[in-house]
Amino acid sequence: MAKNTICVWYDKDAEAAARFYAETFPDSAVSAVHRAPSDYPSGKAGDVLTVEFTVAGIPCLGLNGGPVFKHNEAFSFQIATDDQQETDRYWNAIVGNGGQESACGWCKDKWGVSWQITPRVLTEAMAAGGDEAKRAFDAMMDMKKIDVAAIEAARRG
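Quick note: the UniProt record's numbering has the sequence shown finishing at residue 157, numbered continuously throughout.
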């Protein structure tokens, strides 16, 4: 196990979420599923308790902790994309599998976990600063899924 692992709390579907992420993102996998050795507040002995998985190279632990805590945008996975095709693929996988769109490249999966699907062209525009960053930022503010061509046009002015 990695020295630092992100723990993501789920009501009861940590394994399903981890398998979805592994199928959707490169450098992702489910490495272990651990079952509860005895009953616990939100489950029974033998239920999936934790799932070790990797999302785009980041080690994670999914915990089936029950309905006590809900996800919010204070935590998100940010996935950098190289072009519109990759942006569309990840966005459509998340939103099309019971998720929901939000603003400025953010969406939520069906388990309530927030994702930022961020084309590198947007990150590069923001890093450039000045008028280029302002134009790209202003264009992004009107988007849900990021439109790479529109960001590129905004960068050029």
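No residue lacks a Cβ here, since even glycine has one placed at the ideal position from N, Cα and C. Keep in mind that this is a model prediction, so the values were computed, not measured.
Asked, Found
"For Leu49, write down the residues that DSSP places opposite it in a beta bridge.", "The partner list for Leu49 (beta bridge, DSSP) is empty, contrary to what the question assumes."
"In whole angstroms, what is the alpha-carbon distance linking Trp9 and Lys108?", "15 Å"
"Which residue's Cα is closest to the Cα of Thr81: His34, Thr123 and Glu23?", "Thr123"
"To the nearest angstrom, report how far apart Phe75 and Ala29 are at their CA atoms.", "21 Å"
"Excluding the five sequence neighbours on either side, which residues of its own chain have a C-beta within less than 6 Å of the C-beta of Gly43, listed in chain order?", "Ala36"
"Measure the C-alpha to C-alpha separation of Ile117 and Ala56 and round it to an integer number of angstroms.", "12 Å"
"Kindly list the residues whose CB is nearer than 8 Å to the CB of Thr24, restricted to its own chain and excluding five residues on each side of it in sequence; keep chain order.", "Tyr90, Ala93 and Ile94"
"If you scan the UniProt domain \"PhnB-like\" (3-118) from start to end, which runs of the alpha helix (DSSP H) of 4 or more residues do you find wholly inside it?", "14-24 and 84-96"
"Compare the Cα-Cα distances from Val48 to each of Ala17, Asn4 and Asp147 and report the closest residue.", "Ala17"
"Indicate whether Ile151 and Ala128 have their beta-carbon atoms separated by less than 8 Å.", "no"
"Can you tell me whether DSSP reads Met141 as helix, strand or coil?", "coil"
"Hey, could you find the ends of the alpha helix (DSSP H) Met1 is sitting in?", "Premise fails: Met1 is in no alpha helix (DSSP H) and is neither H nor E."
"Ile79: which of Ala14, Thr50, Gly105 and Glu52 sits nearest, CA to CA?", "Gly105"
"Can the beta-carbon of Arg135 be found less than 8 Å from the beta-carbon of Ala154?", "yes"
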